[in-house]
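Written as structure tokens, this is what we have:
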């Protein structure tokens with residue numbers, strides 16, 4: 001039976017670590033989530049589909065988390081968080097992409113624990129990504 | 001047991017009032033939601049993390065709701081809606097931030113009622129925001 | 001009883017077809033979803049609220065799916081997918097709007113099957129859109 005909950009994430013923590021912490025505390029190995037709030041810095045990535053590598057960039061400054069969506073599954077036997085984010089600056093302009101991390105100013109997590117056998121990520125040679133194994 | 005539902009919101013209403021109305025009609029004090037649709041005006045805010053005040057701006061014009069995510073909890077004993085939004089204009093350019101309100105052209109709400117004891121917001125001196133009390 | 005699941009969508013498929021396929025395979029007539037991943041092309045639309053027509057534009061290139069939200073209901077007796085999307089390019093700049101289609105590079109779907117009588121879309125003369133019939 002799926003379980004849903006809302007959790008306030010801690011000021012000053014890294015957002016990816018904080019989500020991983022909630023999943024660890026509640027033993028969530030399979031689930032999905034959204035987050036709203038604000039960050040005081042962010043590390044984003046963009047996947048180069050031709051070169052098959054992630055490009056990375058750090059953004060300093062205060063941003064609203066306009067949207068953040070992600071999921072929890074297993075990679076190399078460990079709990080793995082995959083999340084994408086949209087950030088708004090003081091002029092309401094947006095940036096976004098694959099979320100690597102970022103310092104939490106305030107963040108509210110809405111999370112669904114599927115309480116099922118976890119999806120497992122395997123290397124996919126076509127994309128160069130670790131994708132869910134076909135079940 | 002959580003309950004999930006989809007609700008069409010009324011043309012011409014304010015989006016925050018409409019979400020509040022759905023929550024009131026169904027007695028949802030704890031939950032989270034997403035919305036897609038379109039607005040014909042929007043009031044957004046950006047939280048200044050240094051000055052600890054919300055900056056506000058009104059946007060006139062027709063926008064797609066590219067994303068809208070939020071939650072329901074209690075503040076000062078009243079049901080309180082917290083939502084962030086991403087809006088797309090006719091050139092597919094985006095703006096976004098903290099949602100104060102906006103006139104609905106069309107809006108489809110996907111809402112999860114956690115049917116649990118409501119989260120309560122308290123003033124947090126570190127951020128200047130009203131955050132969920134630690135339970 | 002609502003059912004929630006996560007499904008990896010197939011490389012090279014059209015994202016709207018792929019979501020429709022998941023809904024068909026699992027007989028989901030009423031539900032909502034989010035998606036993260038990446039596209040290698042996208043077809044977006046913007047609804048002109050005055051002229052009551054969709055403007056369309058195609059975007060070639062590799063984009064992260066920064067956010068994608070949608071729902072499933074019935075229109076003309078057929079399963080109908082309605083989705084909005086936010087896409088991030090290599091410079092972390094975003095575009096977005098109503099999603100018509102796009103080629104999947106990788107996509108992870110989080111979907112909730114409401115397992116209830118489906119919402120039905122009817123033509124709404126005020127907006128020119130097909131909106132959920134009041135129940």
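Protein chains in written order, with UniProt numbering: chain L, 1 to 135; chain D, 1 to 135; chain W, 1 to 135. Think of the CB as a built atom: it goes at the ideal place given N, C-alpha and C, for glycine as much as any other residue.
Beta carbon proximity, residue i to chain L, threshold 8 angstroms
i	result
residue 110 of chain W	yes
residue 123 of chain W	no
residue 67 of chain D	yes
residue 105 of chain W	yes
residue 86 of chain D	yes
residue 39 of chain D	no
residue 55 of chain D	yes
residue 64 of chain W	yes
Cβ of residue i within 8 angstroms of any chain W Cβ
i	result
residue 94 of chain D	yes
residue 90 of chain D	yes
residue 46 of chain D	no
residue 15 of chain L	no
residue 97 of chain L	yes
residue 36 of chain D	yes
Nearest-angstrom Cβ-Cβ length linking residue i and residue j, presumed shorter than 8 angstroms
i	j	result
residue 111 of chain L	residue 28 of chain L	7 angstroms
residue 58 of chain D	residue 30 of chain D	Residue 58 of chain D to residue 30 of chain D, Cβ: 31 angstroms. No contact.
Below-8 angstroms beta-carbon distance, residue i vs any chain D residue
i	result
residue 126 of chain L	no
residue 70 of chain L	no
residue 20 of chain W	no
residue 120 of chain W	no
residue 102 of chain L	no
residue 129 of chain W	yes
residue 79 of chain W	no
residue 114 of chain W	yes
residue 60 of chain L	no
residue 8 of chain L	yes
For residue i, three-class secondary structure by DSSP
i	result
residue 88 of chain L	strand
residue 133 of chain W	coil
residue 72 of chain W	strand
residue 29 of chain D	coil
residue 22 of chain D	helix
residue 16 of chain L	helix
residue 93 of chain L	coil
residue 101 of chain W	strand
residue 126 of chain W	coil
residue 82 of chain L	strand
residue 110 of chain L	strand
residue 118 of chain W	coil
residue 64 of chain D	strand
residue 11 of chain L	coil
residue 77 of chain D	coil
residue 3 of chain L	strand
residue 56 of chain D	strand
Contact under 8 angstroms by Cβ, residue i with residue j
i	j	result
residue 66 of chain D	residue 36 of chain W	no
residue 47 of chain L	residue 64 of chain W	yes
residue 109 of chain L	residue 9 of chain L	yes
residue 20 of chain D	residue 79 of chain D	yes
residue 45 of chain D	residue 127 of chain W	no
residue 121 of chain W	residue 75 of chain W	yes
residue 69 of chain W	residue 34 of chain W	yes
residue 81 of chain D	residue 23 of chain D	yes
residue 90 of chain W	residue 26 of chain L	no
residue 6 of chain W	residue 2 of chain L	no
residue 71 of chain D	residue 130 of chain D	no
residue 18 of chain L	residue 49 of chain D	no
Is there contact here, the segment 107–126 of chain L with the segment 39–47 of chain D, by at least three beta-carbon pairs under 8 angstroms? Judged by Cβ distances under 8 angstroms, the segment 107–126 of chain L makes no contact with the segment 39–47 of chain D, as fewer than three pairs qualify.
Check whether the segment 80–97 of chain W touches the segment 94–102 of chain D, taking contact to mean three or more Cβ pairs, one atom from each stretch, closer than 8 angstroms. They touch, by the three-pair rule.
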